[in-house]
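The sequence shown runs contiguously to residue 165 in the UniProt record's numbering.
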Amino acid sequence: MADSNLVRNLYTVPMKNMILLIIGLKGEAHGYEILKEIEKMTFGNWKPSHGNLYTMLNKLAEEGLVEPREEYRGKRRIVKYALTENGWLYLREANELALKSLYLAVQYHERLREKLRKMGYGKEIAATAIDSYIELLDGIINILEEKKRELKELKREKELRETGS
């Protein structure tokens, strides 16, 4: 099992983006929902403490990226968070950066696998590991193909507007 500090550090860096992504995809979310989604996203390997999560949510509100909204269920107060316009803009930029990072990560991963193979490591790869890797690559390919289609469509629309056709 991985060192718990290493696992925690892997996830605390992008925590801001994870929170914004969860809120954006759900439309709005309260703290407990966000905790459960983070736990799902990290395959149960990590979830922030309640204190860390609410500190981050307050910081996001101060930065103008989320807007808290109180509601009551009986006597119980629940604070739900929604993205502001600035939150959507931030998330869009973070998404573009994540896509570029994914591309670089795949490149580095392949270069490292090739280097390890040449050094004699990893000759016996389990069939399940190969299947998982193929599934991961298929998912990445689908995401990239969809992004490529979107960009081509945007380019085509822009060209049509510019030519007035």
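Even glycine gets a Cβ: it sits at the ideal position worked out from N, Cα and C.
Keep in mind the model is a prediction, meaning the values are calculated, not measured.
Are the beta-carbon atoms belonging to residue i and residue j less than 8 Å from one another?
i: Val66; j: Leu89; result: no
i: Leu60; j: Gly31; result: no
i: Leu151; j: Leu91; result: no
i: residue 179; j: Asn86; result: Residue coverage of the chain in this structure runs from 1 to 165, which leaves residue 179 outside it and unanswerable.
Where residue i and residue j are concerned, what is the direct C-alpha to C-alpha distance, given to the nearest angstrom?
i: Met119; j: Arg113; result: 10 Å
i: Leu35; j: Met56; result: 12 Å
i: Gly164; j: Arg156; result: 12 Å
i: Trp46; j: Leu136; result: 21 Å
i: Ser49; j: Glu39; result: 11 Å
i: Met18; j: Arg149; result: 25 Å
i: Arg77; j: Glu70; result: 7 Å
i: Tyr121; j: Leu25; result: 40 Å
i: Asn58; j: Leu97; result: 24 Å
i: Ile143; j: Arg111; result: 21 Å
i: Asp138; j: Phe43; result: 20 Å
i: Tyr72; j: Gly51; result: 21 Å
i: Leu104; j: Arg161; result: 33 Å
i: Lys16; j: Ile23; result: 11 Å
i: Arg117; j: Val106; result: 16 Å
i: Asp131; j: Glu153; result: 33 Å
So for residue i, helix, strand or coil by DSSP?
i: Leu83; result: strand
i: Tyr90; result: helix
i: Val13; result: Annotation note: pLDDT 49 at Val13 (below 50); position unreliable, no value reported.
i: Glu70; result: strand
Residue i lies in the alpha helix (DSSP H); which residues open and close that run?
i: Glu39; result: 31 to 41
i: Leu65; result: No alpha helix (DSSP H) contains Leu65, which DSSP labels as neither H nor E.
Would you mind giving the Cβ-Cβ distance between residue i and residue j, rounded to the nearest angstrom? I have them listed as a contact below 8 Å.
i: Lys80; j: Ala29; result: 7 Å
i: Leu99; j: Lys147; result: 7 Å
i: Leu102; j: Ile141; result: Not quite, the Cβ-Cβ distance comes to about 11 Å (not below 8 Å), so this is no contact.
For the ligand ATP, I want to know if residue i counts as a neighbour, meaning its beta carbon is within less than 7 Å of at least one of the ligand's heavy atoms.
i: Glu159; result: Ligands are entirely absent from the displayed structure, and the ligand ATP is therefore not among its contents.
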